[in-house]
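Enquirer: One structure coming up, written as structure tokens, with questions to follow.
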Ligand code: ACO
């Protein structure tokens with residue numbers, strides 16, 4: 015048990031809640047975690063007429079999960095126990111998807127079966143094309159993705175039994191397979207270009223790049239270095255434990271709702287600027303800095319408390335150390351710019367220098383402000399030719415895997431209950447209705 019930053023010598027198994035009004039104390043059990051802080055089981059409190067207050071869930075574990083572990087102080091991120099750096103280096107997105115969903119790395123036959131099942135679910139019902147046509151051409155791709163993914167619940171509704179493991183697995187294949195197609199179609203629709211159909215013979219990431227960039231007029235050769243870079247980005251974004259969008263998917267799914275509708279709800283949450291939009295802000299900032307010589311001026315602005323400016327891509331609500339994904343992303347950025355002969359890319363140079371200066375600056379050191387994953391991802395996306403409006407859409411297709419793994423874990427637990435947070439009521443007490451002519 016970690017308590018106020020200290021680890022007790024012996025693990026407590028229960029805690030006692032005492033009251034200063036003479037009410038009897040309440041004993042609460044402590045549930046051990048495999049790593050990280052143990053949790054106090056407060057489920058019995060409501061029977062005593064007591065609730066806890068924790069808006070934003072800063073101190074509340076909303077579930078038990080075996081999927082992802084984050085230690086923000088140490089800068090650690092594990093999927094099913096495997097450090098993210100090892101997975102980004104040695105694995106691929108499909109294998110990581112299998113790992114997140116099933117808990118173990120697949121053997122060769124399991125991997126081939128999973129790969130094929132995702133690929134062969136990539137095509138959308140032909141009727142979905144007409145759903146796209148209901149949107150304005152200039153609609154944001156995320157708005158289109160939310161709408162079309164939600165609309166797919168109408169295509170797969172009666173056939174889905176969310177309380178059956180096989181049915182849930184089929185839903186996972188459908189969603190992981192189809193969301194990249196929806197994302198690429200949202201982009202093509204926005205550009206006014208014809209849709210490109212998925213190719214079952216292509217790998218997941220190659221297929222996505224092909225659907226984004228090929229056209230009937232011009233063949234598109236997928237560059238393996240760029241495909242690998244995108245695959246890494248997908249691995250880094252596949253899951254991040256109980257963040258806002260994942261909690262949204264769990265809460266929506268807790269009622270037994272259709273999985274396409276749950277994933278659409280997760281996408282809606284992800285679209286918010288506080289969640290998925292920071293890499294776009296980093297690009298804007300780097301463009302505004304414009305030249306390495308202007309970095310000190312921007313550092314000074316970031317430190318000036320009378321100025322609301324913040325160094326975009328620095329700091330994180332959970333990571334109070336280097337975001338482990340940022341280091342992988344920096345290397346990926348380097349690989350991509352090297353491959354494209356863009357080593358002198360001014361934005362990358364400014365980013366490297368900004369990171370170097372900030373990591374030595376007392377202000378950033380004292381506040382534990384390190385580069386986060388978004389600091390480099392915008393530069394990589396830009397080099398890959400992916401427009402800013404698609405950044406969050408790609409985040410969503412990567413995170414679809416994590417959402418499905420978390421949704422599946424919740425429903426596989428026979429003891430799961432519908433999510434129903436409580437509240438502290440601060441409104442009026444009982445009062446009687448007054449007819450309009452007697453008011454005021
Ligand atoms: N630049 C300058 N100062 C900063 C920055 C920054 N990027 N981030 C935090 N600070 C300062 C704050 O002003 C505050 O200083 P003070 O103690 O002197 O008042 C201190 O550091 C702590 O800041 P908080 O806002 O309390 O930190 P919190 O953990 O709540 O915020 C957040 C985290 C929102 C990410 C913040 O660091 C930020 O705005 N960063 C820039 C935006 C960004 O990159 N967001 C992406 C997050 S990653 C992701 O979503 C995948």
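Residue numbers (my numbering): 15 to 454. Just so you know, even glycine gets a beta-carbon here, dropped at the ideal spot from N, CA and C.
(1) Out of curiosity, what's the CA-to-CA distance linking residue 18 and residue 402?
(2) Whose C-alpha, out of 388, 132, 321, is nearest the C-alpha of residue 329?
(3) Here's a check: name, in chain order, each residue in its chain whose Cβ is nearer than 7 Å to the Cβ of residue 207, leaving out the five neighbours to either side.
(4) Would you report the Cα separation of residue 191 and residue 160, rounded to the nearest angstrom?
(5) Could you work out which residue in 257, 263, 241, 67 is closest to residue 440 when comparing CA atoms only?
(6) Quick one: give me the first and last residue of the alpha helix (DSSP H) that residue 219 is part of.
(7) What is the DSSP secondary structure of residue 40, reduced to helix, strand or coil?
(8) What span of residues does the beta strand (DSSP E) with residue 83 cover, start to end?
(9) The beta strand (DSSP E) with residue 356 in it runs from where to where?
(10) What are the partner residues of residue 328, as DSSP defines its beta bridges?
(11) Suppose the cutoff is 8 Å on Cβ atoms and the five residues either side in sequence are ignored; what does the same chain contact list for residue 98 look like?
(12) From residue 125 to residue 117, what does the alpha carbon distance come to, in whole angstroms?
(13) Does the Cβ-Cβ distance between residue 165 and residue 281 come in under 7 Å?
(14) With a 10 Å radius around its C-beta and 16 neighbouring C-beta atoms as the bar for buried, classify residue 227 as buried or exposed.
(15) Taking a contact to mean a Cβ-Cβ separation below 7 Å, would you say residue 102 touches residue 242 in this structure?
(16) Are the CB atoms of residue 146 and residue 201 within a distance shorter than 7 Å?
(17) Apply the 10 Å Cβ neighbour rule to residue 392 and answer buried if 16 or more other Cβ atoms are within range, or exposed otherwise.
(18) Specify the secondary structure class of residue 368 as computed by DSSP and reduced to three states.
(19) With DSSP as the reference, identify every bridge partner of residue 28, one or two as the case may be.
(20) Can you tell me the Cα-Cα spacing of residue 16 and residue 151, whole angstroms?
(21) What number of angstroms, rounded off, separates the C-alpha of residue 445 from the C-alpha of residue 287?
(22) Looking at C-beta atoms only, is the number of pairs between the stretch 317-324 and the stretch 73-83 that lie closer than 8 Å three or more?
(23) Taking the continuous beta strand (DSSP E) assigned at residue 93, which residues delimit it?
(24) Only counting the same chain, and skipping five residues up and downstream in sequence, which positions put a Cβ closer than 7 Å to that of residue 220?
(25) Opposite residue 98 in the DSSP bridges: which residues?
(26) Span of the alpha helix (DSSP H) holding residue 163?
(27) Distance check for residue 189 and residue 363, CA to CA, integer angstroms please.
(28) Check the DSSP bridge columns for residue 54 and list the partner residues they point to.
(29) Quick check on the burial criterion: 16 or more other C-beta atoms within 10 angstroms. Buried or exposed for residue 384?
(30) Between residue 28 and the rest of its own chain, which residues show a CB-CB distance below 7 Å, the 5 nearest in sequence each way excluded?
(31) DSSP puts residue 232 in a beta bridge; with which residues?
(32) Around the C-beta of residue 81, are 16 or more other C-beta atoms found within 10 angstroms, so that it is buried, or is it exposed?
(33) Note down, in chain order, each residue of its chain lying with its Cβ closer than 6 Å to the Cβ of residue 432, except the 5 sequence neighbours on either side.
(34) Are there 16 or more other CB atoms within 10 angstroms of the CB of residue 158, so buried, or fewer, so exposed?
(35) Do residue 251 and the ligand ACO come close, with the Cβ less than 6 Å from some heavy atom?
(36) Could you check the C-alpha separation between residue 20 and residue 88 for me, to the nearest Å?
Expert: With the given structure in hand:
(1) Low per-residue confidence applies at residue 18: pLDDT is 42, beneath 50, and the placement is therefore not dependable enough to give any value.
(2) 388
(3) Once the five neighbours on either side are set aside, the close Cβ partners of residue 207 are 229.
(4) For residue 191 and residue 160, the distance between alpha carbons rounds to 16 Å.
(5) 67
(6) 218-227
(7) strand
(8) 82-85
(9) Looking at the DSSP string, residue 356 is not in any beta strand (DSSP E), and its letter there is neither H nor E.
(10) 385
(11) 91, 92, 249, 250, 338, 339, 342
(12) 13 Å
(13) no
(14) buried
(15) Not a contact, by the Cβ cut-off of 7 Å.
(16) no
(17) buried
(18) helix
(19) 43
(20) For residue 16, the predicted structure reports a pLDDT of 45, less than 50, and the residue's modelled location is therefore unreliable. A value from the coordinates is still provided. Roughly 52 Å between the two C-alpha positions.
(21) Each residue's Cα considered, the two are about 40 Å apart.
(22) The stretch 317-324 vs the stretch 73-83: no contact.
(23) 90-93
(24) 236, 241
(25) Listed as beta-bridge partners of residue 98 by DSSP are no residues whatsoever.
(26) 155-169
(27) 38 Å
(28) 44
(29) buried
(30) 41, 42, 43, 44
(31) 229
(32) buried
(33) 268, 269
(34) buried
(35) no
(36) Any reading at residue 20 is ruled out, since the residue's pLDDT is 45, under 50, leaving its predicted position unreliable.
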